[in-house]
Structures are given as structure tokens and as C-alpha cells.
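Residue numbers (this note's numbering), protein chains in the order written: chain A, 1 to 137; chain B, 138 to 297.
The structure is reproduced here in C-alpha cells:
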């Protein structure tokens, strides 16, 4: 119960920040790829820095979750998808001006056309499930 | 409280986004990530699917992830409704057209397909993966930018 409530509340806070930071804005993403301003790079780097310190503290101090469990860390393996999939995602990111979190945030602010991005992402995930056995990994 | 209604400074934005990682680890016990929600939604919408990727996916065990993305939608709504003075515009006007719908859908397909093929997005790889010092996440991050730069500097100019 506490896990589910926490997940929802943290999602709400994350959604608020995606909007107020304007990370969910197509214009910010486009400007980032055009090297028009440092803002997105500063946000991404500071987010990584804080996350790095936080995650390493949790890991190295062996901290437990609030309900006494062990926090889960995943070591994602390198595959051909790490290169091919990542590049395809990057192209899509620049087109729709949103990575997955911001797609949900754009829906939240009532940007109706983001439904097309969301439907596309859903279809893309299904396409991957279908093609997975035939793709190089 | 006027500053709350303005776009937040980069350092506050970055710090709060980054804090999501230890908060999720300590409160939910899970590594931060968003794009796996697309897989879970596919599994839910195709319960009888014979596709391994959907069939073997224990989405009930990852229900926190669906609550988290539902939270994003709600949080974004609250921010636009109560923490902003003017209406928020996050997509260019040109996208409000049939061509725009096509571009957004096509770009969305690349996002859904690409993040699943890469096993993560800017959340799972760029923030969580790098915080976990997972080197494939650094490779993924580099190629996220390769793709984005390719579109903006290489592909889009062909159509302008």
C-alpha cells in the first residue's frame, strides 16, 4: 500500500517538475538539439549528479526501503539495441519534442495532440514486441 | 509565491528530477524508469497475446510504474491549472494539423519502439542508469543524442 501511494505521489511531483522545468516542451528540446541554450544540458547534468549521489548512497550504505525491503537496482546489458534502439528513440524524441515522461506530462496539461505521440509510442512498443524475435540483440 | 508560476530555474528543476531516483528506491524500492510503462500497457491491452515480450511481462508486479505515470499526468494537470498564470504551450502551432498528427504519431512510434529496443529512455538510462554507473546506459545516452542531432541537423533540413 505504502509503495503504491508513494509511486503515485512521486509521479505527481515528477509531473509537476516536468511542466515547471519546461523539460516537457518541444521548444526546449528543439533548442537543446540546436545548441541554442544551455538550460536543458544544465538540467540533465544536475539531475544526473543528484541521482548519482542519491543512488550511490542508497547502494553503498545498504539502505532499506521504508517497508524494510531491499531497493532494486538493474544492470542493463549492452545489446545492439543499445545503439540502434537508442538512435531511433533519439530521432523520435527530436520530432515529438518529448521523451516518455514528457509525453504523459503533455497529456496532463491538456495538449490533445500529444495523444498522437502517446498512441505512436504504444504502437511502437507493440511493434517491438512483435519484431523482437527477428531483431539483432 | 510569484516565482512558482514562472518556469523554475535549471538547478531547482534538475535537483528535483534527480531526487526522484533515491525517493523511488527508498519508498517504492524500484529503479526509476518511464518507458517500460508502454510495455505494461501493451500487456494489459493484449492479455491473450502470444508474443513472448508481452506474455512473460509481469506487469502486476510492476504496477507501481503505472501508478507513477498516472501521477505524471495528474501532476502536469495540477501544475498547468494551479502553478501557471498563462496557458502552457508545449507543441508548435504547426503540429496542430493532420500533418502534425502524422509526425507526432510517427515520432511516437520511434520513441516507443526505440526505448523498448534500447531497454530504457532518458529516465531509465540517462538518469537512473548513469546514477547506477551502468556503462551501457552511457552508450545509450550518447546514441539518444546522436539520433536527436541527426534529425535536427541532418534529416529535417531536407524537408525545409
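Yeah, the Cβ is synthetic: ideal placement off N, Cα and C, and Gly gets one too.
Partners in chain A for residue 139(B), counting only beta-carbon separations shorter than 8 Å: Position 2 of the second chain, counted from the start, is the residue given in the question as residue 139(B). Neighbours of residue 139(B) on chain A: none; closest Cβ ~13 Å, over 8 Å.
Chain A within 8 Å of residue 211(B), Cβ atoms only: Locating residue 211(B) in the second chain gives position 74, where the first residue counts as 1. Interface residue, yes.
Presumed contact (8 Å Cβ cut-off) between residue 175(B) and residue 293(B), rounded CB distance: As a first step, residue 175(B) must be located in the second chain, where it is residue number 38. As a first step, residue 293(B) must be located in the second chain, where it is residue number 156. A Cβ-Cβ separation of about 25 Å leaves residue 175(B) out of contact with residue 293(B) under the 8 Å criterion.
C-alpha distance - residue 141(A) paired with residue 158(B), whole-angstrom precision: No answer is possible for residue 141(A): the residues shown for chain A start at 1 and end at 137.
Residue 228(B) in three-state terms, based on DSSP: Start at 1 with the first residue of the second chain, and residue 228(B) comes out as number 91. If DSSP states are grouped into helix, strand and coil, residue 228(B) belongs with coil.
Length of the line joining the Cα atoms of residue 211(B) and residue 17(A): Position 74 of the second chain, counting from 1, holds the residue named residue 211(B). Position 17 of the first chain, counting from 1, holds the residue named residue 17(A). Taking the straight line from one Cα to the other gives about 12 Å.
Amino acids of chain B, ordered along the chain, whose beta-carbon sits closer than 7 Å to that of residue 81(A): By 1-based counting over the first chain, the position of residue 81(A) is 81. Scanning chain B for C-beta atoms nearer than 7 Å to the C-beta of residue 81(A) yields 254, 255, 256, reported in chain order.
Residue 14(A) versus residue 259(B) - alpha carbon distance: Residue numbering aside, residue 14(A) sits at position 14 when the first chain is read from its first letter. Residue numbering aside, residue 259(B) sits at position 122 when the second chain is read from its first letter. The alpha-carbon of residue 14(A) is positioned some 14 Å away from that of residue 259(B).
Cα-Cα separation, residue 217(B) to residue 109(A): By 1-based counting over the second chain, the position of residue 217(B) is 80. By 1-based counting over the first chain, the position of residue 109(A) is 109. Using only the alpha carbons, I get a separation of about 6 Å.
Touching by the beta-carbon criterion (3+ pairs, under 8 Å), the segment 235-245 of chain B and the segment 36-52 of chain A: Flag = no, the segment 235-245 of chain B and the segment 36-52 of chain A do not touch.
Contact set between residue 242(B) and chain A, taken where Cβ atoms lie within less than 8 Å: Within the second chain, the letter at position 105 stands for residue 242(B). What residue 242(B) touches in chain A, judged by beta-carbon distance under 8 Å, is 116, 117, 119, 120, 123, going in chain order.
Limits of the alpha helix (DSSP H) - the one that residue 274(B) falls within: Here residue 274(B) refers to the residue found at position 137 of the second chain. Counting along the chain, the unbroken alpha helix (DSSP H) around residue 274(B) starts and ends at 272-286.
Same chain, Cβ closer than 8 Å to residue 67(A), five either side skipped, listed in chain order: Sequence index remark: in the first chain, residue 67(A) carries index 67 (1-based). The residues are 2, 3.
8 Å Cβ cutoff, residue 296(B) in contact with chain A: As a first step, residue 296(B) must be located in the second chain, where it is residue number 159. No, residue 296(B) lies away from the interface with chain A (no Cβ there is under 8 Å from its Cβ).
Cut-off 8 Å between Cβ atoms - residues of its own chain near residue 201(B), not counting five sequence neighbours on either side: The residue labelled residue 201(B) in the question sits at position 64 within the second chain. Cβ contact annotation for residue 201(B) (same chain, cutoff 8 Å, sequence separation greater than five): 165, 167, in chain order.
Status (buried if at least 16 other CB within 10 Å, exposed otherwise) for residue 203(B): Numbered from its first residue, the second chain carries residue 203(B) at position 66. Residue 203(B) should be labelled buried.
Amino acids of chain B, ordered along the chain, whose beta-carbon sits closer than 7 Å to that of residue 11(A): Locating residue 11(A) in the first chain gives position 11, where the first residue counts as 1. Within chain B, the C-beta atoms nearer than 7 Å to that of residue 11(A) come from 204, 205, 206, 207, 208, 209, 212, in chain order.
Cβ contact (3+ pairs, closer than 8 Å) linking the segment 118-127 of chain A and the segment 17-36 of chain A: Contact annotation: the segment 118-127 of chain A does not touch the segment 17-36 of chain A, with fewer than three C-beta pairs closer than 8 Å.
Cβ-Cβ distance between residue 284(B) and residue 29(A) below 8 Å: Within the second chain, the letter at position 147 stands for residue 284(B). Within the first chain, the letter at position 29 stands for residue 29(A). Their beta carbons are not under 8 Å apart, which means residue 284(B) does not touch residue 29(A) by this criterion.
N-terminal and C-terminal residue of the alpha helix (DSSP H) that residue 218(B) is part of: Counting from one through the second chain, the residue named residue 218(B) turns up at place 81. Annotation for residue 218(B): the continuous alpha helix (DSSP H) segment containing it runs 200-219.
Rounded straight-line distance, which links the Cα of residue 264(B) to that of residue 138(A): Lying before the first or after the last residue shown, residue 138(A) is absent from chain A, which here runs from 1 to 137.
Opening and closing residue of the alpha helix (DSSP H) in which residue 15(A) lies: On the first chain, residue 15(A) is found 15 positions in, with the first residue counted as 1. 2-20 is the span of the alpha helix (DSSP H), which, as asked, contains residue 15(A).
Proximal residues, the segment 141-160 of chain B versus chain A, C-beta separation under 7 Å: Residues 144, 145, 147, 148, 150, 151, 152, 153, 154, 155, 156, 157, 158, 159, 160.
Which of helix, strand or coil DSSP assigns to residue 143(B): One-based indexing of the second chain puts residue 143(B) at position 6. Looking at residue 143(B) - three-state DSSP - the assignment turns out to be coil, as it is neither helix nor strand.
Cα-Cα separation between residue 182(B) and residue 173(B), rounded to whole angstroms: Residue 182(B) sits at position 45 when you count from the first residue of the second chain. Residue 173(B) sits at position 36 when you count from the first residue of the second chain. The straight-line gap from Cα to Cα measures roughly 14 Å.
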